[in-house]
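The structure appears below as structure tokens.
In this note's numbering, the protein residues as written are 36 to 553.
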């Protein structure tokens, strides 16, 4: 019997940009995959997952705060031409939509930049600024701006920029791409007296909708046959497609759902929370960030140890994090529980080749599947086992599960069906377990200096961070590397868990990682 399921090209047509027949000049498409998840968590969990990137930088030329603010707005306008979704909005009927209203005039775009690029001369610490401006849901309503930029100059040659945005159109890698593109424009506006004229000639407002990024479902990787030489030897391996149907799609989705059913009911969580517990019905969450940065020497030792053990740094970091809830909430010796997370992974390599470049897709492109580490790995070891051996034992299981996730042939292709199924389940109590995000090398998407081609660098990024709002009690643990230093952080709801507790967890996390280098 033929399948009653519509053909993929028809089933996914709703995710293509189209004109809104009820509003001239508006384009819209339905949210897809992780965008759906982000929208549901924003509205249903008090702003959970709202994103931030904070960047500290130096200038080669001295600029007053007003001069820098003025030129940053010009760069922001140029970025809107490149990536119109920084001016996108969200709206709802029976579905959630990302919408974009084309600009009628240059003046309209300038008014938007005045509203969304804000000067803050009273604060230099971007974490403090994030805490002040970043609480609550984003966007707070339908059809309102959902991406803002804050400029925090600290001297004529040093400044910080904080981007505060909805997670619906962007992921963490997107933010790094956006800042790289923004700073490229900014550096050229500062250093090239002709750049504004060139940009104004290029930006034909009213036509920028042609630059709207497609949803990932429209640009999934196509299969390519292997390339062989005249003797029949393979010189370039075959590339598998990222399917939207068929056996590989079905097998991937079935594996993810089986793992979710097996592991989620047995998740092991933290115990040390504020009492009485956080109640989302009566309390408003407030997100803070705890941090630890390893020295260059410590970071090098961690990297070398990981290589020697045939592990990645993320394997070690994830494994060490798993020990936090196990020690905070010691399980029974016969426990069958798991330290459970939805493992999120950047999937730009699963897109068409043209979108795989370092700055080619500043949209939402995350795949996810369960990663579950049995607590028994730690509890079954002899009591005399040292911390380093515990971390390494868990890391080997993390490695195996990461490999299994990587091998899923349709991890990005199934994401929408997986998320829609996940959200159809009854709403669960606030999650008290950890989240882990291993961002890898920061300079994969965030360049250190600008402009890219000139020998004289106008802007140098000295430091940065990614933050994500948390309303649920379990913190979001994040790790990245910048200029050779591994950086740890934890975003947490301070209404649910004490600041001192999370700072202690982050300190312990760092100590567990370092233990493998001793």
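We put the beta carbon where it would ideally sit given N, CA and C, even for glycine.
Selection from the options that minimises the alpha carbon distance to residue i
{"i": "residue 238", "options": "534, 507, 141", "result": "141"}
{"i": "residue 251", "options": "397, 473, 460", "result": "397"}
{"i": "residue 451", "options": "399, 442, 477", "result": "399"}
{"i": "residue 97", "options": "245, 179, 222", "result": "222"}
{"i": "residue 432", "options": "297, 188, 364, 349", "result": "349"}
{"i": "residue 303", "options": "367, 520, 477", "result": "367"}
{"i": "residue 388", "options": "247, 160, 275, 73", "result": "275"}
{"i": "residue 226", "options": "106, 360, 473", "result": "106"}
{"i": "residue 263", "options": "255, 257, 254, 273", "result": "273"}
{"i": "residue 76", "options": "465, 484, 328", "result": "465"}
{"i": "residue 345", "options": "390, 428, 373", "result": "428"}
{"i": "residue 69", "options": "535, 403, 286, 347", "result": "403"}
{"i": "residue 543", "options": "461, 327, 175, 240", "result": "327"}
Cβ shell of residue i (< 8 Å), same chain only, five flanking positions each side left out
{"i": "residue 92", "result": "193, 194, 195, 196, 218, 494, 495, 496, 497"}
{"i": "residue 81", "result": "171, 172, 315, 319, 320, 506"}
{"i": "residue 334", "result": "516, 519, 520, 521"}
{"i": "residue 556", "result": "With the chain covering 36 to 553 only, the question about residue 556 has no answer from this structure."}
{"i": "residue 455", "result": "71"}
{"i": "residue 298", "result": "373, 375, 405, 407"}
Straight-line Cα distance separating residue j from residue i
{"i": "residue 339", "j": "residue 261", "result": "34 Å"}
{"i": "residue 282", "j": "residue 409", "result": "30 Å"}
{"i": "residue 184", "j": "residue 151", "result": "6 Å"}
{"i": "residue 520", "j": "residue 499", "result": "12 Å"}
{"i": "residue 59", "j": "residue 458", "result": "33 Å"}
{"i": "residue 88", "j": "residue 317", "result": "29 Å"}
{"i": "residue 362", "j": "residue 311", "result": "22 Å"}
{"i": "residue 467", "j": "residue 530", "result": "13 Å"}
{"i": "residue 309", "j": "residue 532", "result": "5 Å"}
{"i": "residue 254", "j": "residue 50", "result": "11 Å"}
{"i": "residue 99", "j": "residue 463", "result": "51 Å"}
{"i": "residue 78", "j": "residue 102", "result": "38 Å"}
{"i": "residue 545", "j": "residue 120", "result": "37 Å"}
{"i": "residue 474", "j": "residue 248", "result": "23 Å"}
{"i": "residue 411", "j": "residue 90", "result": "41 Å"}
Sheet register partners of residue i (DSSP bridge)
{"i": "residue 498", "result": "91"}
{"i": "residue 198", "result": "88, 184"}
{"i": "residue 147", "result": "Residue 147 pairs with nothing; no bridge assigned."}
{"i": "residue 325", "result": "525"}
{"i": "residue 65", "result": "132"}
CB contact below 7 Å: residue i versus chain D
{"i": "residue 85", "result": "Considering every chain present, this structure includes no chain D. It has just one protein chain."}
Residues near residue i by beta carbon distance below 6 Å, same chain, minus five either side
{"i": "residue 26", "result": "Since the first residue of the chain shown is 36 and the last is 553, residue 26 is not available in this structure."}
{"i": "residue 109", "result": "224"}
{"i": "residue 208", "result": "381, 480"}
{"i": "residue 406", "result": "376, 378, 436"}
{"i": "residue 112", "result": "144, 148"}
{"i": "residue 517", "result": "477"}
{"i": "residue 116", "result": "238, 243"}
{"i": "residue 423", "result": "550, 551"}
{"i": "residue 179", "result": "none"}
{"i": "residue 325", "result": "525, 537, 538, 541"}
{"i": "residue 266", "result": "none"}
{"i": "residue 38", "result": "Caution applies to residue 38, whose pLDDT of 40 falls short of 50 and renders its modelled position unreliable; the model cannot decide the point."}
{"i": "residue 41", "result": "Confidence is the limiting factor: at residue 41 the pLDDT is only 48, short of 50, which leaves the residue's position unreliable, though a coordinate-based value still follows. Nothing listed; no residue qualifies."}
{"i": "residue 234", "result": "113"}
{"i": "residue 453", "result": "291"}
Contact set for residue i: own chain, Cβ-Cβ below 7 Å, skip 5 residues either direction
{"i": "residue 130", "result": "65"}
{"i": "residue 86", "result": "200, 202, 205, 207, 210, 503"}
{"i": "residue 277", "result": "255, 256, 385, 445, 447, 448"}
Secondary structure, beta strand (DSSP E): runs of 3+ residues fully inside the stretch 203 to 257: Runs of beta strand (DSSP E) with 3 or more residues, each lying fully within the stretch 203 to 257, are absent.
Complete alpha helix (DSSP H) runs within the stretch 339 to 418 (minimum length 4 residues, chain order): DSSP runs (the alpha helix (DSSP H)) wholly in the stretch 339 to 418: 348 to 363, 411 to 414.
Ranges of the beta strand (DSSP E) found wholly within the stretch 463 to 540, counting only runs of at least 3: Taking only runs of at least 3 residues, the beta strand (DSSP E) segments lying wholly in the stretch 463 to 540 are 470 to 476, 494 to 503, 511 to 517, 520 to 528.
Every unbroken beta strand (DSSP E) within the stretch 109 to 158, with a cutoff of 3 residues, ordered by chain: The qualifying runs are 124 to 127, 131 to 136, 152 to 154.
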